[in-house]
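Since the structure comes first, as C-alpha cells, the remarks are kept for the end.
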Amino acid sequence: MKRVLLMAMLALLMLSPQAWAVNPDEMLKDPALEARARVIGKDLRCLVCQNQSIDDSNAELARDLRVLVRDRILAGDSNEQVIDYVVSRYGDFVLLNPPMKKKTLLLWYGPVIILGLGVVAIFVFYRRRRHGTVDATAGAVPLSDAERAKIDKIMDGDR
Amino acid sequence: MIVELGHFALILALGVAIVQSVVPMIGAHRRNAVWMASGNHAAIAQFLLVAVSFACLTHAYVTSDFSVVNVVENSHSAKPMLYKVSGVWGNHEGSMLLWVLILSVFGAAVAVFGRYLPPALKARALSIQALIGVGFYLFILLTSNPFARMIPPAPDGQDLNPLLQDPGLAFHPPFLYLGYVGFSMAFSFAIAALIEGRVDAAWARWVRPWTLAAWSCLTIGIALGSWWAYYELGWGGFWFWDPVENASFMPWLIGTALLHSCVVVEKRDTMKAWTVLLAIVAFSFSLLGTFLVRSGVLTSVHAFATDPTRGVFILAILLIVVGGSLALYAWRAPQLRSTGLFQPISREGALLLNNLLMGTAAAVVLLGTLYPLFIDALTDGQDKISVGAPFFNAVFIPLMTPMVVAMAIGPLLPWKRGDIARALKTLWLALFAALGAAMVAWMLYADRSPWGLVGAAVAAWLFVGVLTELAERIRLFRVPLADSLRRLFNLQRATWGMTMAHLGLAFAVAGITGAGAWKVESVQTMKQGDTVNVAGYEFRFDGAEQGRGPNYLLTRAKFTVSRDGDFVAVLEPEKRIYPVRQMPTTEAGIHTLLSGDLYAVIGDPKGDGFVTRIYFNPLVVWMWIGALVMLAGGLLSLSDRRYRVGAPSRSPRYAAAQPAE
Amino acid sequence: MNRLVFLLPLLVLLVIGGYLAVGLTLDPKKLPSMLEGGPVPAFNLAPLEGRDARGFSNEDLLGEVSLVNVFGSWCVACRVEHPFLMKIKENDWVPIHAIDWREPDRTAGPDWLRRFGDPYTLAGDDPRSKAAIAFGVTGAPETFVVDPQGIIRYKHVGPVTQQVWDDTLAPLIEHLRAEAANKSKGEGG
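Protein chains in written order, with this note's numbering: chain S, 1 to 159; chain D, 1 to 661; chain B, 1 to 189.
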C-alpha cells in the first residue's frame, strides 16, 4: 500500500495547475519578434509533458519557458542564443530537433545509409537477374501440374 | 462469481492454446489428419473461452462492480454507458484481454473460413497462432490480471481518464488491435511456409486477404487516433511523431509493403524470401509497439501506467517469437528460390520500388523512435536527447515524395517489361495538374513552407494519375463509350481496390499538406460581441455559459461565423472539468467545409472576456475522406471473388464450381 | 556470403533487443543535470510575504554547505518530504534554502509554511519560474547540494527521505565540509 501511495505521489509530482498553449497576454507586440518566438518554441520540448513542444503544451512550465524565450528575444538575444541558454539549463533533451553532433551522426545519416543499402541490394538483385542466372528451383517443392492448373483457373484473366 | 468465471475461462483458454500449439504441429509433421484437424476445434474453443472471459469483464464494468480492482481504477458509476464499455479496454489489463480476444478471433476465422487451405499449412499456421496466444495468456494471468478482486469493495470508482471518454478514442483501440493482431495471420502463414519450405502464388493468395483485413483495420485505427488528437487536444495538430503513434505507424508501413510484395509473389513467382521477411517484420513491429507502450522505456503522452516486470515479460515474448522466427528464416529462407526474369522497368520493378521506400520509411521511423533510448543506454543515463517532429518531417517527407510520384507511374507499367517513356507520355494531364496545383498553392501561400507546394503538386499528380490509369484500363475515348462503361463494370474488385486506395492516399496527402503547411491561427482575448477575422471568415463571440454534463462540469462558448455577411455556421467549443480526476479537457468547436475546417477553442476567462483560439485548417476533411476511401479500397479488394479460395463464399453455387479439395 | 545475408535480420533484432533490455533498467523521466559541477546560476528572488524582509539570491549561498530546495504549496510530493526537512532543521544538520516555485498567489506559500512548519533559512518567491528554469528544474520537489564556493555538487529529484539522506546527502555533505576544512587549513598554514 505504501508503495502504491508513493507511486501515486510521484504521478502527482508532475501535475500542476493548468494553463493553455500560447496565450494572448504572453504574446509580443511586434509580430516579427513573436514569429521568431514561435519558431523557437516549436523546437523546444515541453519537459513535463514529454512529447510536445512548448508552443503546443498546456503545462505551466511550458508557459514559463515561452515567457522566458520572449524575454530573451526582447533583451536582444538571437534565436541561437535563446536556444543555447535553454540547452545550458536542460541539455540536448530539450531540443525536439536533435543537433548534429558526434552522438547524433548515426541518426542524421542513418536514413541515407539505410536507403543506400536498399538501393545497393536491389542493384545486386537486378544484376543477377539480368545475367540470366535464373535460380534453379532446387530445395523448393515446385507446384504439381494439378496445382498449377487449379491456380490458373482461380486466377481468371487479370492482366 | 461472474468475475471468477471470466478468470477461469481465461485459464482454460491458456490450456487449449497449449494443446493447439503442439498437437496440430506434430500432426502436420506426421501427416496425421485427425491431429491436424484438432487445430480447428481448438481455435474455435479458444475463441469461445476468451469471448466468455471478455464478456465477464464487460459485465463487471457495465454493472459497476467495484469489488474488481480494474473496474475501480478505471470506471465510475456516473460514467455514460458507452464509456463504461469502452473502459474495458481503456486500461492496460483490459486492453490486453482485448488483444488476446482479437488474436483468438483471427485464429477461429482461419479455422472456419480456411476450408480450402492445404491442411498441413493450416495446421501449422494455427499452431503458431496458438503459440503466440500462450505467451500473452501467461502475460495476462501472471502480470496483468484484470479479474483481481478488492476486499472490501470500493464505494465508487476513480473514473476513466477523461481524455479517453470520447467516441473517437472509444473505438480507436479495437481497430488498432485488429490491425496489429491481424498481422499475426501473415506471420503464422510465413512461419508455416518456412517450415514447409514452400512459398508460391497460392500461398501469397492465402496471405493477402488476411493482410488486407489487418491493414484496413490499422488504417482506420490510426485515422481515428489522429482524428481524436485533432479535435480533442485543442490546437488542430493531428500527428505528433510520438513513440506510441510511431509504434502503430511502423506496422502500417511494413503492412503496406507486404500487400504489394504479395502481388509480386502471386503474379511473378519471385521476391519470396523478401515477402516472408516482411510478413515476419510486420508482426514484429506490432509486438514492438505493444512493448513500447507498456514497458515504460520511452515516455509518451499516450503510454499506459507502466510496471517493469511487464516490460521484461513482453520483451521476453518479443525476443522468443521474433528471434525464433528470424532464426528459422536465416536457416530456411535461402531455400526459397525464385524463378523468372526481373526487369527494373516493369510493374514488379515499381512494386519493388514501393517496397524499398516503404521499408526505408519504416526503418527510419524505427531509428528515430529508438535513438533516444540508444543514447540513454550507451551513456548509462548521463545523456539524453529528444527526437521530435522536426527530425521525422525532415526525413520522412523527402522519402514519401518520390514514392507518391512513382505511385502514378507504376500501375501503368505492364508486368515483365515496361516502357517508361510511354507511361510518362500517358501522364501528361497529371503533370499539368501537378504544375497547376503548385501554382495555385504558390499564389495563395507563397510565404509558407515550400513543402506545401510539393504536397499540393504530388497530391494532384497522384489524383489525376490514378484516374488516367483507370481511363487507360477501360480504354476510354479509344473504344466506344458503351464499351468503356462495360469494361468499367467488369473490372476486378481487386483492381477497384487498388484504384480507391491510391485515390485515398491522394486525398490524404492533400489534407496533410493543408493542415500541416497552411494552417491559419489567431489567439486573442474576446469579450461578448467581439469579432475576429480569420482566413476571410468572421468569428463573432456570443459569450459563454456554465453547465453540467453527466460526469463533468462545462463552460460552453458560442461563436457565429459568417463570410461577407452571410451566415456560415455556429461553433460551440467546450471546456470540461471532470471532478473525479480533477482533469480538464477541451472540446473544439468545428465546422467542416471541403475547403477547410473552422475550428474554435475556448480558453480561460480573462477580465470580462475569454481567451479564444481560432484556426482555419485548410483541407483537413480530405485527410479523413482519404482514410475512408483507403478503407473502402481495402474492403473492396478483400471482397474480390478470387480471394475467397482462402475464405470461400457461402453461396453453394460458387462452392460447387470450385474444384474438389 | 549469400546465406549470411539471411542472418542479417536476426542480428539487427539482437542489437535492438539488447538496447531494449538495457532500456528497461533506465528511467526515461530522469534528466541528467546540466548544472552539477558548475556555479549556481545568478538569481535574485523577492521575499515571501510576511516571512522576513530578506529575499534570496545566489550570493547567499557562498561560505557554507547548504541545500536549495524547490517546492510549491500545490505540490503533493513536497508534503511527503516536508516532515523530513523539518527534522533536518530541528537537528540543525544543514541549512536549507527555498525557492518557492510558481505559487498561484503571494500568500499561498507563506500560508503553507505557517500551517506545516517552516524548515527554511532563506526563501524566495519564484512565481514565473525565473530561478527554477535557471536551475533546470522540471518538477517539484528538487533539491540541490551547494558547496561553500557556490558550486552545485548534486541534484536530487523527488522527495528527500531518510533513505536519500542516509545514502546520498549526508555522506556528500560530510565530504564537502571536510574538503572545505582542508582547504582553509591549507590556506591558513
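The C-beta atom is built at its ideal place from N, Cα and C for all residues, glycine as well.
- Take G634/D, set aside five residues on each side of it, and the residues of its chain with a beta-carbon closer than 8 angstroms to its own are L212, A213, W215, S216, T219, G497 and A501, in chain order.
- The DSSP-derived three-state label of S639/D is coil.
- For I83/S, no chain D residue has a Cβ inside 9 angstroms of its Cβ, as the nearest lies near 12 angstroms away.
- Of the residues I151/D, A154/D and L233/D, the one whose Cα lies closest to the Cα of P584/D is L233/D.
- V112/D is classed as exposed because its beta carbon has fewer than 16 other beta carbons within 10 Å across all chains shown.
- A buried status is given to P618/D, since no fewer than 16 other beta-carbon atoms sit within 10 Å of its beta-carbon.
- Residue pairing from DSSP places Y599/D in a beta bridge opposite I590/D and Y615/D.
- Its chain contains N58, L61, V146, G150 and I152 as the residues whose beta carbon lies nearer than 7 angstroms to that of V40/B, once the 5 sequence neighbours on both sides are disregarded; these appear in chain order.
- R268/D and F616/D have their C-alpha atoms some 48 angstroms from each other.
- Taking the Cβ atoms as the reference, P159/B lies roughly 18 angstroms from E90/B, outside the contact range of under 8 angstroms.
- When F123/S, D55/S and D30/S are compared, the shortest CA-CA separation from G236/D is found for D55/S.
- The straight-line gap separating the alpha-carbon atoms of V276/D and A59/S is approximately 46 angstroms.
- When 7 angstroms is used as the limit between beta carbons, A389/D is near these residues of chain S: L96, in chain order.
- Within 8 angstroms of the CB of Y154/B, no CB atom of chain D is found; the nearest one sits about 14 angstroms away.
- Within chain D, not a single residue places a beta-carbon under 8 angstroms from that of F43/B; the smallest gap is close to 25 angstroms.
- With respect to the 8 angstroms criterion, L24/B and V297/D are classified as neighbours on the basis of their beta carbons.
- Close to A134/B, with beta-carbon spacing below 7 angstroms, are these residues of chain S in chain order: R89.
- For the 8 angstroms CB-CB criterion, W35/D and I44/D do not form a contact.
- Below the 8 angstroms Cβ cutoff, chain B contributes no neighbours of F125/S, its closest Cβ being approximately 11 angstroms away.
- For D43/S, a Cβ of chain D is located within less than 8 angstroms of the residue's own Cβ.
- In the DSSP annotation of this structure, R548/D is not part of any alpha helix (DSSP H); the continuous beta strand (DSSP E) holding it starts and ends at Y537 to R548.
- Residue contact check for N23/S against chain D: a CB pair falls below 8 angstroms.
- A residue is called buried once 16 or more other Cβ atoms fall within 10 Å of its Cβ, and M443/D, having fewer, is exposed.
- When secondary structure is reduced to three states using DSSP, D604/D falls in the strand class.
- Within the same chain, L412, T468 and E472 come within 7 angstroms of T426/D by CB-CB distance, once the 5 residues on both sides are set aside.
- Boundaries of the alpha helix (DSSP H) around R38/S: P31 to D43.
- Taking a Cβ-Cβ threshold of 8 angstroms, the residues of chain D close to A21/B are L315, in chain order.
- Between the alpha carbons of A544/D and A46/B lies a gap of roughly 38 angstroms.
- The three-state reading of DSSP puts D147/B in coil, since its state is none of H, G, I, E or B.
- The beta carbons of L33/S and I133/B sit no closer together than 8 angstroms.
- Here K272/D is not near V263/D, since their CB atoms are 8 angstroms or more apart.
- The Cβ of K103/S sits closer than 8 angstroms to at least one Cβ of chain D.
- Judged by beta-carbon spacing, I102/D lies within the 8 angstroms limit of L178/D, meaning their Cβ atoms are closer than that value.
- In the DSSP secondary-structure assignment, V68/D is bridged to R149/D.
- Chain-order list of chain D residues neighbouring D56/S: W235 and G237, by C-beta distance under 7 angstroms.
- Just so you know, the alpha carbons of H260/D and P152/D end up roughly 56 angstroms apart.
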